[in-house]
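Everything on this sheet refers to the single structure shown next.
Residue numbers (our numbering), protein chains in the order written: chain A, 28 to 214; chain B, 14 to 289.
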């Protein structure tokens with residue numbers, strides 16, 4: 028391939044490639060093997076193990092992160108494609124935002140939870156998508172073998188309806204959660 | 014593994030011309046599947062298109078919708094005019110994978126991946142889309158319906174990139190897209206089709222029932238000539254002339270043909286004069 032360097036386009040034929048991007052709000056530059064997936068770089072090189080590997084074929088959503096604000100499966104992203112981009116992982120999510128999901132039974136074994144939270148949080152931050160999509164359709168790329176999905180959808184709808192008590196606020200939560208109408212996304 | 018990181022289309026084309034066998038990568042949603050085990054791909058040279066910002070936007074002119082070479086499914090889903098004028102594009106896009114795939118996967122990538130089960134291709138073909146192929150030698154434009162020549166074989170030279178997909182704007186009298194998969198999301202199509210009618214002409218395009226996504230000329234003729242059809246079975250001879258369904262891991266030939274006939278009949282019986 029030595030004849031292939033006839034333009035100014037950067038080319039990596041070496042073991043490493045230097046990549047700069049913004050990770051959870053902070054600029055980072057890494058030297059990485061260009062054959063790595065974003066998922067592995069996040070987990071093993073950048074020591075952010077919150078993003079999980081499930082299926083490794085883009086089907087289960089456990090490895091969901093945001094690139095430039097959109098949810099993607101990081102198992103299908105070659106690391107060189109995030110140069111100059113904004114990447115956000117589960118570690119960037121305010122734990123307070125998990126309350127509605129915890130209260131609605133959206134978690135059980137936890138394997139899918141980081142991905143579920145990423146997609147759920149994106150839905151909450153972009154309710155305009157619910158003018159054409161249902162919560163269920165937007166969540167359909169996150170597989171969960173435990174909950175049967177109702178708890179996940181309900182937690183998102185509760186949060187959309189703004190009925191979540193703030194973290195640490197003394198509860199009565201059970202009562203208020205029970206009485207919360209689950210009718211958010213529809214109209 | 015070699016990766017080339019061009020920042021312009023011209024650079025990308027120069028690299029593809031200079032580096033025989035280099036693989037362009039856009040959204041990566043097909044190339045990266047099972048990547049940890051894909052050892053044969055580690056010796057390849059990839060040309061990363063992701064920084065070619067000019068290929069991303071959707072453009073509208075008076076005559077056509079133009080998708081860029083990097084326009085994603087999500088870009089089209091979020092374009093309100095696409096829902097109004099080309100609803101089948103949005104229908105198909107919303108059934109490709111799920112949101113996390115739709116935000117990365119590109120229409121051009123779907124075309125050149127050349128899967129017979131591609132969902133983006135039948136709707137584009139039913140709208141008479143054409144592809145613009147760019148290389149150091151210039152641009153070439155081909156109707157999408159003439160693009161495939163066999164299973165995973167297409168009229169794209171290895172040094173060419175799809176830089177645009179042109180879709181003519183027309184008032185369609187009828188349009189429908191059907192996808193049958195194991196579930197609503199994250200499913201690869203067992204059988205699917207797109208049908209459009211414009212100015213007395215019909216386009217019937219089937220996927221997952223032949224070595225390529227393809228138009229179905231016998232069914233189109235049957236519709237134009239308003240031949241009598243009193244049930245799904247009356248469509249079978251034309252279907253068997255047009256497609257060559259196979260048994261594979263996802264379905265059987267018999268299932269594919271029968272479902273194709275039944276869905277076509279259900280969708281067309283109220284709109285096509287010959288149907289009763």
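Every residue gets a Cβ at the ideal spot worked out from N, C-alpha and C, and that includes glycine.
Bounds of the beta strand (DSSP E) holding residue 220(B) are 214 to 220. From the listed residues 198(B), 178(B) and 73(B), the smallest Cα separation to residue 124(B) is found for 178(B). Taking a C-beta cut-off of 7 Å against chain A, the contacting residues of the segment 117 to 130 of chain B are 117, listed in chain order. Separation of residue 54(B) and residue 103(B) (C-alpha to C-alpha, rounded to the nearest whole angstrom) is 32 Å. At a cut-off of 8 Å between beta carbons, residue 253(B) makes no contact with chain A. For the segment 56 to 71 of chain B, the set of residues with a beta-carbon nearer than 9 Å to any beta-carbon of chain A comprises 58, 59, 60, 61, 63 and 64, in chain order.
With distances taken between CA atoms, residue 91(A) lies nearest to 142(A) out of 138(A), 142(A) and 85(A). Rounded to the nearest angstrom, the Cβ distance from residue 79(B) to residue 137(B) is 12 Å, too far for a contact under 8 Å. Per DSSP, residue 142(A) lies in no beta strand (DSSP E) segment; the continuous alpha helix (DSSP H) that holds it begins and ends at 140 to 152.
The distance from the Cβ of residue 122(B) to that of residue 40(B) is about 5 Å, consistent with a contact at the 8 Å cut-off. Within chain A, no residue has its CB atom less than 8 Å from the CB of residue 82(B), the nearest being about 15 Å off. Linking residue 230(B) to residue 180(A) through their CA atoms gives a straight-line distance of about 45 Å. Beyond the five residues adjoining it in sequence on each side, residue 208(B) comes within less than 6 Å, by CB distance, of 189 and 217 in the same chain, given in chain order. Listed by position along chain B, the residues whose Cβ is nearer than 9 Å to that of residue 64(A) are 45, 48 and 49. About 10 Å separates the beta carbon of residue 174(B) from that of residue 83(B), a gap too long to meet the 8 Å contact definition.
Of the residues assessed, residue 71(A) falls on the exposed side of the cut-off, its CB having fewer than 16 other CB atoms within 10 angstroms. A straight line joining the alpha-carbon of residue 187(B) with that of residue 159(B) spans about 23 Å. Under the 8 Å criterion on CB atoms, residue 107(A) is classed as interfacial with respect to chain B.
Rounded to whole angstroms, residue 43(B) and residue 241(B) show a C-alpha spacing of 42 Å.
Interface residue (Cβ-Cβ distance to chain A less than 8 Å): residue 114(B) is classified as such.
Contact check between the segment 164 to 181 of chain A and the segment 122 to 137 of chain A: three or more CB pairs, one atom from each, fall below 8 Å, which counts as touching. When the five nearest sequence neighbours on each side are left out, the beta carbons in the same chain lying within less than 7 Å of the beta carbon of residue 117(A) are those of 77, 78, 141, 144 and 145, in order along the chain.
Interface with chain B (8 Å Cβ-Cβ cutoff): residue 84(A) is included. Runs of the alpha helix (DSSP H) lying entirely within the segment 94 to 122 of chain B, each at least 4 residues long, are 100 to 106 and 112 to 115 in chain order. Residue 202(B) is outside the set of residues whose beta carbon lies under 8 Å from a beta carbon in chain A. With its beta carbon at least 8 Å from every one in chain A, residue 106(B) lies outside the interface.
Taking the C-beta atoms as reference points, residue 129(B) is found nearer than 8 Å to residue 226(B). Take residue 166(A), set aside five residues on each side of it, and the residues of its chain with a beta-carbon closer than 8 Å to its own are 143, 146, 147, 150, 176, 179, 180 and 183, in chain order.
Minimum Cα-Cα distance from residue 221(B) among the listed residues 283(B), 197(B), 50(B) and 273(B) corresponds to 273(B).
In the assembly as shown, residue 63(A) is a buried residue. Its beta-carbon has 16 or more other beta-carbons within 10 Å.
Membership of residue 188(B) in the beta strand (DSSP E) is indicated by the continuous run 187 to 193. Here DSSP, grouped into helix, strand and coil, assigns residue 63(A) to coil.
It is roughly 7 Å from the alpha-carbon of residue 197(B) to the alpha-carbon of residue 108(B).
Among the residues facing chain B, residue 182(A) is not included, as its CB has no counterpart in that chain under 8 Å away. Separation of residue 156(B) and residue 77(B) (C-alpha to C-alpha, rounded to the nearest whole angstrom) is 14 Å. Interface criterion met: the Cβ of residue 42(B) is under 8 Å from a Cβ in chain A.
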